[in-house]
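Residue numbers (this note's numbering): 489 to 704.
We put the beta carbon where it would ideally sit given N, CA and C, even for glycine.
Being a predicted model, the structure only gives us computed values, none of them experimental.
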């Protein structure tokens with residue numbers, strides 16, 4: 489009898505812990521917004537490697553700057569929409585605190601980018617970007633899914649390869665496009681499951697199309 493009561497009490501504690509963690513979970517990031525950035529990263533090498541595109545470091549950096557700007561707009565416009573219109577948020581600025589976790593590594597990334605460009609070390613940029621973005625994913629804490637941590641290690645592994653492989657060049661856009669394209673699609677699905685826990689990959693791709701979802 490005592491053992492049964494202890495078992496029930498532990499079950500109640502686990503359930504309470506699960507509810508607390510769910511209440512703390514940050515759902516402001518859009519999975520489809522993140523996947524849109526990944527799509528841009530996958531398409532960028534097709535443009536940057538085209539015969540008509542200037543094959544200079546400056547031109548390639550400009551191309552990746554456009555991809556970065558697009559990804560930032562896709563992701564943070566979705567966060568803004570969530571903040572303004574989600575009924576549970578009520579425009580409480582404290583709900584946006586998890587977005588602050590990404591700022592230190594992103595700021596360091598910007599600092600290192602500027603330093604490497606000033607010194608003409610363009611070929612180190614891809615590796616630095618991947619490693620710091622991996623750290624950004626690792627800094628998610630308990631407010632984002634734990635699956636973000638393996639994704640962070642994926643980016644760091646890609647960055648290590650780029651930093652230690654001599655043939656990686658800023659004018660070869662494929663390593664950057666493949667790592668960020670695949671990583672952002674995986675991250676997008678993780679974020680989508682964070683909002684819709686039981687969502688399938690078909691639901692993620694359908695973008696709310698009920699006909700598509702019924703065909704699953």
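Evaluate residue 632 with the Cβ neighbour count: other Cβ atoms within 10 Å of its Cβ, from every protein chain shown; 16 or more gives buried, anything less gives exposed.
It is buried - the Cβ of residue 632 has at least 16 other Cβ atoms within 10 Å.
Determine the extent of the alpha helix (DSSP H) in which residue 593 is found, giving its start and end residues.
Here the alpha helix (DSSP H) through residue 593 covers 591-606.
Just how far apart, CA to CA, sit residue 576 and residue 513?
Between residue 576 and residue 513, the C-alpha separation is close to 12 Å.
Considering only residues of the same chain and omitting the five flanking positions on each side of residue 523, which have a CB-CB separation below 7 Å?
Once the five neighbours on either side are set aside, the close Cβ partners of residue 523 are 672, 673, 676.
How big is the Cα-Cα spacing for residue 654 and residue 668?
Whole-angstrom Cα-Cα distance: 20 Å.
Counting only the same chain and skipping the five closest in sequence on each side, list residues whose C-beta sits under 8 Å from that of residue 636.
If we look at residue 636 and ignore the five residues flanking it on each side, its Cβ neighbours are 625, 626, 628, 675, 678.
With a threshold of 16 other CB atoms inside 10 Å of the CB of residue 689, please say whether the residue is buried or exposed.
Classification for residue 689: exposed.
Can you look up residue 578 in the DSSP assignment and give me helix, strand or coil?
Three-state result, residue 578: coil.
Assuming residue 551 contacts residue 532 under a Cβ cut-off of 8 Å, what Cβ separation, rounded to an integer in Å, is found between them?
About 6 Å; that satisfies the 8 Å criterion.
Return yes when the Cβ of residue 622 is within less than 7 Å of the Cβ of residue 640, no when it is not.
Yes, these two residues count as a Cβ contact at 7 Å.
How should residue 548 be labelled, buried or exposed, when 16 other C-beta atoms within 10 angstroms of its C-beta is the threshold for buried?
Answer is buried; the Cβ neighbour count reaches 16.
Please look up how many angstroms separate the CB atoms of residue 515 and residue 682, rounded, as I've assumed it's under 8 Å.
6 Å between Cβ atoms; contact.
Do residue 650 and residue 638 have their CB atoms nearer than 7 Å?
Contact: no.
How long is the line joining the alpha carbons of residue 602 and residue 567, rounded to whole angstroms?
Using only the alpha carbons, I get a separation of about 27 Å.
For residue 593, tell me which candidate among 585, 542, 617 has the shortest Cα-Cα distance.
The option with the nearest alpha carbon to residue 593 is 617.
Going by the CB atoms, is the gap between residue 530 and residue 647 shorter than 7 Å?
No, the pair does not count as a contact, with Cβ atoms beyond the cut-off.
Would residue 526 and residue 680 be called neighbours here (beta carbons separated by less than 7 Å)?
Their beta carbons are not under 7 Å apart, which means residue 526 does not touch residue 680 by this criterion.
Determine the burial state of residue 504: buried for a count of at least 16 other Cβ atoms within 10 Å of its Cβ, exposed for fewer.
Below a pLDDT of 50, predicted positions are generally treated as unreliable, and residue 504, at 46, falls in that range; no measurement from the model is reported.
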